[in-house]
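Asks:
Protein chains: 2
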Amino acid sequence: MADVKATARWKRRLTEYIRAAGGHVTAPRMRVAEVFFSMAGHPGIEELATEVHKRHKGIGNATVYRTMRLLCDSGLAVMREFGDGFARYEARNPEAHHDHIICTHCGKIIEFGEDAIEELQENVTRRHGFLMKSHRLEIYGLCGECLKAER
Amino acid sequence: MADVKATARWKRRLTEYIRAAGGHVTAPRMRVAEVFFSMAGHPGIEELATEVHKRHKGIGNATVYRTMRLLCDSGLAVMREFGDGFARYEARNPEAHHDHIICTHCGKIIEFGEDAIEELQENVTRRHGFLMKSHRLEIYGLCGECLKAER
DNA sequence: CTAAGTGCAAAAATTTTGCAAACTA
DNA sequence: TAGTTTGCAAAATTTTTGCACTTAG
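So the protein lines, in turn, are chains A and B.
Under this note's numbering, residue 209 is the last one in the first sequence; the count climbs by one each step, no gaps.
Under this note's numbering, residue 209 is the last one in the second sequence; the count climbs by one each step, no gaps.
Put into structure tokens, the structure is as follows:
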């Protein structure tokens, strides 16, 4: 919905960050970032590189790696769960919080937001005299397919 | 404190798991597991392998990898954080599960267990077609003292 | 123009695999 | 004994690096 604004946001933030570090705002960097932010979910470097190459021929793999590191350093992306052999990233949008369910067998990741849980968390936290600022919830288990395949 | 009992617990659980899968309870497996459970924190494969080799010469690296996969499959360990190039693991003690509230200002950590939250987690997970194996919940905020000091 | 960034391919680092020998049940 | 597991080293994967060439500022 607020796609245009969101785009403007990362572009501006990334540019600022690069400039502040005395770096150059180059086309390859912006292209990789653009592809990354256009992808839903938690793309692995693998999928990301494939998509980048598909949309922009001639961008080297090393640039994809280097740009993702840049995005992480700038706080626009974070490295996430693991277990499938390559790095996965998630765009960081502080506005839209969500938690994760992760299949420990195939690595599938589901995002969810459960108000009831958030509320209980607030309660527990308050009960311990704390003021809740943020949280992180990860549930590990087996997804439907892997459960079936298990037998 | 309950070290002896805890030891007995993973040993029994691991043995059960291996047997159930028609596998063999071998010395190398038990040795790797023993070293792993004796290490605090989130040892990386790297440190783990080093420690294993230090305490038991002649155990191959592949066995360390294979045993850690076994521990993960059996639910006695989970793969954790990333970002340093190799896999990290955390021992999971199903009996003594607890979540954390962490003060982002002074670093104080409170452990708590909230059945209602656990239940809701089960529900969400099931609703997404998953079977929950474990989870991790961390709440960040400010503790009472830091709140007072804040003004 | 100068310093930073890029692409490529080679190197490094991490994890998995094949197989004969050793071992568990 | 039959079938699993091991250790080793080789293979496969994933990530980083070196370097000549381009490009942003």
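Each residue gets a CB set at the ideal place from its N, CA and C atoms; glycine is no exception.
Quick caveat, the model's predicted, so the values are computed rather than measured.
Suppose you measure from the CA of residue 82/B to the CA of residue 74/B; what does that come to, to the nearest Å?
Replies: One-based indexing of the second sequence puts residue 82/B at position 24. One-based indexing of the second sequence puts residue 74/B at position 16. Residue 82/B and residue 74/B: Cα-Cα distance of roughly 10 Å.
Asks: So with CB distances below 8 Å, who are the chain A contacts of residue 161/B?
Replies: The residue you call residue 161/B lines up with position 103 of the second sequence. The answer, in chain order, is 188.
Asks: Taking the DSSP output, what are the residues bridged to residue 126/B?
Replies: Mapped onto the second sequence, residue 126/B falls at position 68. Partner(s): none; residue 126/B has no beta bridge.
Asks: Given a threshold of 16 other Cβ atoms within 10 Å of its Cβ, counted over all protein chains shown, does residue 167/B qualify as buried or as exposed?
Replies: For the purposes of this step, residue 167/B is identified with residue 109 of the second sequence, where counting begins at 1. That one is exposed.
Asks: Which residue's Cα is closest to the Cα of residue 72/B: 160/B, 146/B, 126/B and 180/B?
Replies: The sequence position of residue 72/B within the second sequence is 14, counting from 1. Ranking 160/B, 146/B, 126/B and 180/B by Cα distance to residue 72/B puts 126/B first.
Asks: Among 198/B, 68/B and 184/B, which residue has its Cα nearest to the Cα of residue 91/B?
Replies: As a first step, residue 91/B must be located in the second sequence, where it is residue number 33. Of the candidates 198/B, 68/B and 184/B, the one whose C-alpha sits nearest the C-alpha of residue 91/B is 68/B.
Asks: Quick test of your reading: residue 169/A and residue 182/B, contact by CB under 8 Å. State the CB separation rounded to the nearest angstrom.
Replies: If you number the first sequence from 1, residue 169/A lands on position 111. If you number the second sequence from 1, residue 182/B lands on position 124. Contact doesn't hold; Cβ gap of about 11 Å is too wide.
Asks: Return the chain-ordered list of same chain residues with a C-beta closer than 6 Å to the C-beta of residue 211/A, the five sequence neighbours on each side being excluded.
Replies: The requested residue 211/A is not part of the displayed model; chain A covers only 59 to 209.
Asks: Report the residue from 102/B, 163/B and 114/B whose alpha carbon sits nearest the alpha carbon of residue 136/B.
Replies: Here residue 136/B corresponds to residue number 78 of the second sequence, with the count starting at 1. Ranking 102/B, 163/B and 114/B by Cα distance to residue 136/B puts 102/B first.
Asks: Is there a Cβ of chain A sitting closer than 8 Å to that of residue 191/B, yes or no?
Replies: By one-based count along the second sequence, residue 191/B stands at place 133. So, interface residue.
Asks: Do residue 111/B and residue 89/B count as a contact pair if the criterion is CB distance below 8 Å?
Replies: Reading the second sequence from its first residue, position 31 is the one you call residue 89/B. Reading the second sequence from its first residue, position 53 is the one you call residue 111/B. Against a cut-off of 8 Å, the Cβ pair of residue 111/B and residue 89/B comes out as no contact.
Asks: Please report the residue range of the alpha helix (DSSP H) in which residue 170/B lies.
Replies: As a position in the second sequence, residue 170/B is number 112, starting the count at 1. First-last for residue 170/B: 167–170, but that is the beta strand (DSSP E), not the alpha helix (DSSP H).
Asks: Can residue 135/A be considered in contact with the ligand FAD, in the sense that its beta carbon sits closer than 7 Å to one or more heavy atoms?
Replies: The model on display carries no ligand, and the ligand FAD is accordingly not part of it.
Asks: Does residue 182/B have its Cβ less than 8 Å from a Cβ in chain A?
Replies: Reading the second sequence from its first residue, position 124 is the one you call residue 182/B. Closer than 8 Å to some Cβ of chain A, the Cβ of residue 182/B qualifies, so yes.
Asks: Using beta carbons (cut-off 8 Å, strictly below), is residue 201/B in contact with chain A?
Replies: Sequence index remark: in the second sequence, residue 201/B carries index 143 (1-based). Yes, its Cβ sits closer than 8 Å to a Cβ of chain A.
Asks: Mind reading off the beta-carbon distance from residue 146/B to residue 100/B? Whole number of angstroms is fine, and I expect it under 8 Å.
Replies: Taking the first residue of the second sequence as 1, we reach residue 146/B at position 88. Taking the first residue of the second sequence as 1, we reach residue 100/B at position 42. Yes, residue 146/B and residue 100/B are in contact; Cβ-Cβ is about 5 Å, under 8 Å.
Asks: Could you tell me which residues DSSP puts in a beta bridge with residue 67/A?
Replies: Position 9 of the first sequence, counted from the start, is the residue given in the question as residue 67/A. Answer is none; residue 67/A lacks a bridge partner.
Asks: If we count the other Cβ atoms within 10 Å of its Cβ and call it buried at 16 or more, is residue 144/A buried or exposed?
Replies: If you number the first sequence from 1, residue 144/A lands on position 86. Classification for residue 144/A: exposed.
Asks: Please report the distance separating the alpha-carbon of residue 184/B from that of residue 200/A.
Replies: For the purposes of this step, residue 184/B is taken as the residue at position 126 of the second sequence. For the purposes of this step, residue 200/A is taken as the residue at position 142 of the first sequence. So the alpha carbons of these two residues sit roughly 10 Å apart.
Asks: Starting from residue 192/B, trace the beta strand (DSSP E) both ways and give me its first and last residue.
Replies: In the second sequence, counting from the first residue as 1, residue 192/B sits at position 134. First-last of the beta strand (DSSP E) with residue 192/B: 189–200.
Asks: Is it buried or exposed for residue 107/B, if we count other Cβ within 10 angstroms and need 16 for buried?
Replies: Here residue 107/B refers to the residue found at position 49 of the second sequence. The residue in question, residue 107/B, is buried, as its Cβ has 16 or more Cβ neighbours within 10 Å.
Asks: Taking a Cβ distance cut-off of 8 Å, strictly less, list which residues of the region 85–119 of chain A are near chain B, in chain order.
Replies: Per Cβ criterion, the list is empty.
Asks: Which same chain residues, not among the five before or five after residue 133/A, have their C-beta less than 7 Å away from its C-beta?
Replies: By one-based count along the first sequence, residue 133/A stands at place 75. Result list for residue 133/A: 150, in chain order.
Asks: Should residue 15/B and residue 205/A be called a contact, given that it needs their Cβ atoms to be closer than 8 Å?
Replies: An answer regarding residue 15/B cannot be provided, because it is not within the stretch 59 to 209 covered by chain B.
Asks: Show which residues of chain B have a CB atom less than 9 Å away from the CB atom of residue 178/A.
Replies: Taking the first residue of the first sequence as 1, we reach residue 178/A at position 120. Result: 172, 174, 175 and 178.
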